[in-house]
Structure formats: structure tokens, C-alpha cells
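*Asks:* All the letters of the sequence shown, read from the start, carry residue numbers 42 to 381 under this note's numbering. All residues carry an ideal CB built from backbone N, CA and C; glycine is no exception. So that we are looking at the same thing, I have put the structure below in C-alpha cells.
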Amino acid sequence: MTVDRTRRFALPGIQDLNKDQDAALALPLEGQHLVVGGPGTGKSVVALLRARRLAENDRNYRALVFNHLLDRSNRHLFGSGRTLVASTWESWFRKLYGYFFKSDPIPTLEPDSGGYRPIDWNAVERRIRSLDRCEDYSDRFLVIDEGQDMPPPFYRVLVHLGFENFYVAADQNQQIDPDRCSSRQNIQNSLAIEPGETVELKTNYRNTRPVALLARHFYPADPASPRPDLPAHEPSAATPELWTYGTPDTATLAGTADKILQLSDRNPRKLIGIIAPNNEVRTKFHDALTRADPSLDNGKPPIQTWFSGHQEYPEFGQGGVMTINAQSCKGLEFDTAILA
């Protein structure tokens, strides 16, 4: 018998938003807007709803995100009978730069250990400010999620090129690379947004109260990004568990992989995300899950993985197990998360 693994994975309805999210969604289509909030407060949700609103109003928009997995997940969530017009921010900007400078390659810094050449934003800003002519982009709309991970010159050069309509969702406490990121004040200054005009999201919708209490211990005290309010108490909410393996007194990794698959078997339509600190741990868990063969009522679930440079993107619309690196998990929604 075929097992239905279709995941219940959709954007909330307008009636499900709280007053802060309503305020974020009701901001005028034109102009420069910044929405901030801690993890789980719905920044990515309001950004997608904003993109949907622009699409329904037939506006020329583009949604920009930091990483490929969030782009993939957003495309599944978007719905509304339309295709989400979206890109990863850096690939889009490199094409934009090529439009203005044709065959002149974008300036880059020395390659990192993985061979990636970061954009030299200081050189890019000098080149763009030297342009004699800029386009009229006043009819274009940019929706930027995880906006703290784009550097300040990114915003400044877009303004210089003629972009006027920005909707940015950000949390400066979730910066991937602080040396190449933007603070709340950086974004406000670059886009001429007054501090009192920034919308703050404060309610944590992602986690249960026990999970949020655990996460609160690791949350930095930074007034630029409000600490999320704790969710309401639910008697059925499970307490976070600590699993150990690999010592004489604990389970083996193989036994832990069996346990994860058995957890998935209880809810075939739920997606379990395993968040690894690096490729070595990600590969170790993915290989263990691939080899595992415990007795399961619903058969073995899909075992997916993704890492930078991997060509096959995972499917967020079905239940199973997905193993990824921590650098790729921002903005993603899993039904159960395991920190490896």
C-alpha cells in the first residue's frame, strides 16, 4: 500500500496573523520598509505574503533570499496559483552588475578555502558610483528576506542604481558572517528608514514553550532585535530531548539512526530536519540513515541531504528526513528539528 507522505506545509491565512504581522503586511507597496524580529516570529512568512500581494497587484517584483534552500522552500510555500519570482541575492546582483558593465567581470576578493570568490563590495560601489547613467527602477519592487546577511554596500548601490521600493525582513542576531553583514541601523541608514518606522515582530510561532525556553538561554541581549515572547503553555508540548551516542555507555550512531527513522515512521507526513555543524557530521548522519534498516510500519522514508554545490535540491513538500548544514537552515521550517 502506498504511504501518503504529503506534508501539510502552507502559508498561514491573513486571519491567522497577529497585530504585528498585520502591521507588517499592511505597509504601503511603495517606499522603503524594514521588518525585524527574532527566530520564529514570522519574518519569512510576512515577506512571502508581501511577495504574493505584489504578484496579485501585478507589480514587477523580485524576492531575494540568502541561500538556495530557503529559495526552494519559499517556492513551495508561495502557492496562490502563481510562480514566485525569486532569486538568491548574490546570483541576482551578479547578473544586474553584468547588465551595466557587460563583459567586465564583477570585482572579487581572493578565493576562500573552498574556492569561492566573495564580491569586492568596495570596488563594486566605486564602479557603480562612476556610472554616468542609471536606470529608472521606480516601478520595481524588492522583497529581501534575511536582509542582515547582505552587506551595507549592497543596499547603497541599489539605491544609487535607482531602486526605490524595498521590503526587508531581518534579524541582526542571526548574521552568518558578521564581517560581511548589515546591522539594523545599517539598513535603516542605507534606505533612509526612520527608527520609529521599523516594524518589530515579537511573538514566537515556530516553537513550543519548552523549546523556546531552551533557545532563550542562547539568545543575545541586543535591543536592536527584540527577544521573542514565549509561546503560550500547551499541556501536550514535548520537552526537548538530549540523545547521546558513540561512547561505551550510550547508543551507537547506527542505533541513533534507527531511532530517527522510527520517529519519522510515527508521522510519515512530517519532515525531520537534522542540522549539522559541518559537512563531516552531515555526511556521517546521512550515510548512517541511508544504511539503517529498522522494522518500520510505513516503509523507509525519503532520506534527503543538501550541501553547497549539490545540484539536486531537496523536496520540502513531503515527509521524511533531511540532513543539512547549519549555514543552510536559516528561515526553513521543519516539523521536528534535531541538532547533530
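For a test of the three-state rule: what should DSSP assign to Val106, helix, strand or coil?
*Replies:* Sequence index remark: in the sequence shown, residue 106 carries index 65 (1-based). Note: Val106 maps to strand in three-state DSSP.
*Asks:* Do you know offhand how far Arg135's Cα is from Leu199's?
*Replies:* What you label residue 135 is simply residue 94 of the sequence shown in a count that begins at 1. What you label residue 199 is simply residue 158 of the sequence shown in a count that begins at 1. If you take the alpha carbons of Arg135 and Leu199, they lie about 12 Å apart.
*Asks:* Which value, in whole angstroms, describes the spacing of the CA atoms of Thr346 and Thr364?
*Replies:* Within the sequence shown, the letter at position 305 stands for residue 346. Within the sequence shown, the letter at position 323 stands for residue 364. So the alpha carbons of these two residues sit roughly 5 Å apart.
*Asks:* Looking only at DSSP bridge pairs, what is Asn98 linked to?
*Replies:* One-based indexing of the sequence shown puts residue 98 at position 57. Answer is none; Asn98 lacks a bridge partner.
*Asks:* Helix or strand or just coil, what does DSSP make of Phe141?
*Replies:* Residue mapping note: residue 141 aligns to position 100 of the sequence shown, counting from 1. The answer is helix: DSSP assigns Phe141 an H, G or I state.
*Asks:* Span of the alpha helix (DSSP H) holding Arg63?
*Replies:* On the sequence shown, residue 63 is found 22 positions in, with the first residue counted as 1. The amino acid occupying residue 63 in the given sequence is Asp; Arg does not appear at that position. Counting along the chain, the alpha helix (DSSP H) containing Asp63 begins and ends at 60 to 66.
*Asks:* If you draw a straight line from the alpha carbon of Pro69 to that of Phe207, how long is it in whole angstroms?
*Replies:* Counted from its first residue, the sequence shown places residue 69 at position 28. Counted from its first residue, the sequence shown places residue 207 at position 166. For Pro69 and Phe207, the distance between alpha carbons rounds to 11 Å.
*Asks:* Over what stretch of residues does the alpha helix (DSSP H) that includes Ala278 continue unbroken?
*Replies:* The residue given as residue 278 occupies position 237 in the sequence shown. Ala278: not part of any alpha helix (DSSP H); DSSP gives it neither H nor E.
*Asks:* Please confirm if the stretch 99 to 106 is in contact with the stretch 158 to 165, defined as three or more CB-CB distances below 8 Å between the two stretches.
*Replies:* no
*Asks:* Use the C-beta contact count for Ser277: other C-beta atoms within 10 angstroms, 16 or more gives buried, fewer gives exposed.
*Replies:* One-based indexing of the sequence shown puts residue 277 at position 236. Answer is exposed; the Cβ neighbour count stays below 16.
*Asks:* Just tell me which of Arg123, Leu304, Asp180, Ala104 has its CA closest to the CA of Gly361.
*Replies:* By one-based count along the sequence shown, residue 361 stands at place 320. If we check each option's Cα against that of Gly361, Leu304 comes out closest.
*Asks:* Which partner residues does Leu312 have in the DSSP bridge list?
*Replies:* Taking the sequence shown and counting its residues from 1, one reaches residue 312 at position 271. Gly361, per the DSSP bridge assignment.
*Asks:* Report whether the distance from the Cβ of Gly287 to the nearest heavy atom of the ligand SAH is below 7 Å.
*Replies:* With respect to the ligand SAH, the structure offers nothing, as it holds no ligand at all.
*Asks:* Of the residues Glu374, Pro342, Glu275, Arg181, which one's Cα is nearest the Cα of Arg103?
*Replies:* The sequence position of residue 103 within the sequence shown is 62, counting from 1. Nearest of Glu374, Pro342, Glu275, Arg181 to Arg103, Cα basis: Arg181.
*Asks:* Whole angstroms is fine: what's the gap from Cys222's alpha carbon to Pro289's?
*Replies:* Indexing the sequence shown from 1 puts residue 222 at position 181. Indexing the sequence shown from 1 puts residue 289 at position 248. Those two C-alpha atoms are separated by around 43 Å.
*Asks:* Do you know offhand how far Leu110's Cα is from Pro236's?
*Replies:* Here residue 110 is taken as the residue at index 69 of the sequence shown, counted from 1. Here residue 236 is taken as the residue at index 195 of the sequence shown, counted from 1. Going by the C-alpha atoms only, they are around 31 Å apart.
*Asks:* As a quick exercise: from Trp284, Glu374, Arg247, pick the residue whose alpha carbon is nearest that of Asp270.
*Replies:* Reading the sequence shown from its first residue, position 229 is the one you call residue 270. It is Arg247.
*Asks:* In this structure, how does DSSP classify Gln226 when only helix, strand and coil are distinguished?
*Replies:* Within the sequence shown, the letter at position 185 stands for residue 226. The answer is helix: DSSP assigns Gln226 an H, G or I state.
*Asks:* Determine the contact status of Ala367 and Ile316, defining contact as a CB-CB distance below 8 Å.
*Replies:* Taking the sequence shown and counting its residues from 1, one reaches residue 367 at position 326. Taking the sequence shown and counting its residues from 1, one reaches residue 316 at position 275. Yes; because the gap between Cβ atoms is below 8 Å, this pair is in contact.
*Asks:* Rounding to the nearest angstrom, what Cα-Cα distance links Asp338 and Gly296 in this structure?
*Replies:* Taking the first residue of the sequence shown as 1, we reach residue 338 at position 297. Taking the first residue of the sequence shown as 1, we reach residue 296 at position 255. The straight-line gap from Cα to Cα measures roughly 18 Å.
*Asks:* Under a three-way DSSP split, which group does Ala211 fall into?
*Replies:* The residue given as residue 211 occupies position 170 in the sequence shown. Correct three-state label for Ala211: strand.
*Asks:* Let's see if you can read the secondary structure: which residues bound the alpha helix (DSSP H) around Thr324?
*Replies:* Taking the sequence shown and counting its residues from 1, the one referred to as residue 324 is at position 283. Counting along the chain, the alpha helix (DSSP H) containing Thr324 begins and ends at 320 to 332.
*Asks:* Note down, in chain order, each residue of its chain lying with its Cβ closer than 8 Å to the Cβ of Val126, except the 5 sequence neighbours on either side.
*Replies:* Here residue 126 is taken as the residue at index 85 of the sequence shown, counted from 1. Correct list, in chain order: Ala92, Ala96, Tyr102, Arg103, Ala104.
*Asks:* In the DSSP assignment, the beta strand (DSSP E) including Leu242 goes from what residue to what residue?
*Replies:* As a first step, residue 242 is located in the sequence shown; it is residue number 201 there, counting from the start. Per DSSP, Leu242 belongs to the beta strand (DSSP E) from 240 to 242.
*Asks:* Please identify the residue among Asn115, Ala253, Arg257 whose C-alpha is closest to the C-alpha of Ala279.
*Replies:* For the purposes of this step, residue 279 is identified with residue 238 of the sequence shown, where counting begins at 1. It is Ala253 whose Cα lies nearest to the Cα of Ala279.
*Asks:* On the DSSP letters alone, give me the boundaries of the beta strand (DSSP E) that Ser128 sits inside.
*Replies:* Your numbering for residue 128 matches position 87 in the sequence shown. Counting along the chain, the beta strand (DSSP E) containing Ser128 begins and ends at 127 to 129.
*Asks:* What residues in its chain sit with their C-beta under 8 Å from that of Ser114, if we drop five residues either side in the sequence?
*Replies:* Position 73 of the sequence shown holds residue 114. Answer for Ser114: Phe357, Gly372, Leu373, Glu374, listed in chain order.
*Asks:* Measure the beta-carbon distance from Gln359 to Thr47 and round it to whole angstroms, keeping in mind my assumption that it falls under 8 Å.
*Replies:* By 1-based counting over the sequence shown, the position of residue 359 is 318. By 1-based counting over the sequence shown, the position of residue 47 is 6. Yes, they are in contact, since the Cβ atoms of Gln359 and Thr47 sit about 6 Å apart, within 8 Å.
*Asks:* Can you give the beta carbon distance from His274 to Arg257, rounded, assuming they're within the 8 Å contact cut?
*Replies:* In the sequence shown, residue 274 corresponds to position 233, counting from 1. In the sequence shown, residue 257 corresponds to position 216, counting from 1. Not a contact, Cβ separation roughly 15 Å.
*Asks:* Excluding sequence positions up to five away, which residues of its chain have a Cβ less than 6 Å from the Cβ of Pro355?
*Replies:* To locate residue 355, count along the sequence shown from 1; it is residue 314. For Pro355, where only same-chain residues beyond five positions count, the Cβ hits under 6 Å are Gln345, Trp347, Met363.
*Asks:* If Gly78 sits next to Lys243, beta carbons under 8 Å apart, how far is it from one beta carbon to the other, in whole angstroms?
*Replies:* Here residue 78 corresponds to residue number 37 of the sequence shown, with the count starting at 1. Here residue 243 corresponds to residue number 202 of the sequence shown, with the count starting at 1. With a Cβ gap of about 7 Å, Gly78 and Lys243 count as contacting.
*Asks:* In this structure, what does DSSP give as the bridge partners for Ala292?
*Replies:* Here residue 292 is taken as the residue at index 251 of the sequence shown, counted from 1. For Ala292, which the question treats as bridged, DSSP gives the partners Tyr286.
*Asks:* Leaving out five residues on either side along the sequence, give the residues of the same chain with a beta carbon under 8 Å from the beta carbon of Pro343.
*Replies:* Translated into the one-based positions of the sequence shown, residue 343 becomes position 302. Correct list, in chain order: Arg46, Glu356, Gln359, Gly360, Gly361, Val362.
*Asks:* Go through its chain and collect everything with a Cβ distance to Tyr286's Cβ below 8 Å, but skip five positions before and after it.
*Replies:* Within the sequence shown, numbered from 1, the residue matching residue 286 stands at position 245. The residues are Ala292, Thr293, Leu294, Gly296, Thr297.
*Asks:* Would you mind stating whether Gly188 and Ala164 have Cβ atoms separated by less than 8 Å?
*Replies:* Translated into positions along the sequence shown, residue 188 becomes position 147. Translated into positions along the sequence shown, residue 164 becomes position 123. No, Cβ-Cβ distance for Gly188 and Ala164 is not below 8 Å.
*Asks:* Val198 lies in the alpha helix (DSSP H); which residues open and close that run?
*Replies:* On the sequence shown, residue 198 is found 157 positions in, with the first residue counted as 1. From DSSP, the alpha helix (DSSP H) with Val198 extends over 193 to 202.
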